[in-house]
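Read left to right, the sequence shown gives residues 1 to 148 (the UniProt record's numbering).
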Amino acid sequence: MRAQVRREALAEVSMMSVGLVIVSHSARLAEGVVELADQMAQGKVSMVAAGGALDGSLGTSVERILDALHRVEGHDGVLVLLDLGSAAMSVEMAVEAYQAEKNSRRVVVSSAALVEGAVIAAVEASIGHDLDEVAAAAAEAHTLPKTN
1 MRAQVRREAL AEVSMMSVGL VIVSHSARLA EGVVELADQM AQGKVSMVAA
51 GGALDGSLGT SVERILDALH RVEGHDGVLV LLDLGSAAMS VEMAVEAYQA
101 EKNSRRVVVS SAALVEGAVI AAVEASIGHD LDEVAAAAAE AHTLPKTN
């Protein structure tokens, strides 16, 4: 039942939405960030986790990231958020491969803090903001106070 409701919610916004790809060296971390951001966006944004190496160890995988870029929905484009600097090389290679396939969707790679950026991006995307607005909001996530 929940899967059906999620599909219906995604169908409502897929023609005007931004998709998110969450890249982490840890598959569990990427999945957890997707879980949190999905809750905050009330299931209205397509998000795909691309975490861990292909053998299940810590690391990043160009293949997993490329697969995530293909699977994520979002007519307006895709925002990629990543955990650590070394993931940037894998993301860059995956985005280059994606664009070489003549995919027309824009892909923006964010330097935002992973958790805060993903949550803010998901909320912004859920209310219909475009890729540039979502990316800008994610980039500003570091300014949110965590304590009083």
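Where a beta carbon is used, it is the ideal one built from N, C-alpha and C, also for glycine.
The region 84-93 makes no contact with the region 123-143; the number of CB pairs closer than 8 Å stays below 3. According to DSSP, residue pairing for Gly77 in a beta bridge involves Val18.
The region 23-33 makes contact with the region 50-62; the number of CB pairs closer than 8 Å reaches 3 or more.
Between the region 90-103 and the region 34-49 there are fewer than three C-beta pairs closer than 8 Å, too few to call the two in contact. With a cutoff of 9 Å on beta-carbon distance, Leu81 and Ile22 are scored as near each other.
Of the residues assessed, Ser111 falls on the exposed side of the cut-off, its CB having fewer than 16 other CB atoms within 10 angstroms. Note: Leu82 is bridge-paired with Val23 in the DSSP secondary-structure output.
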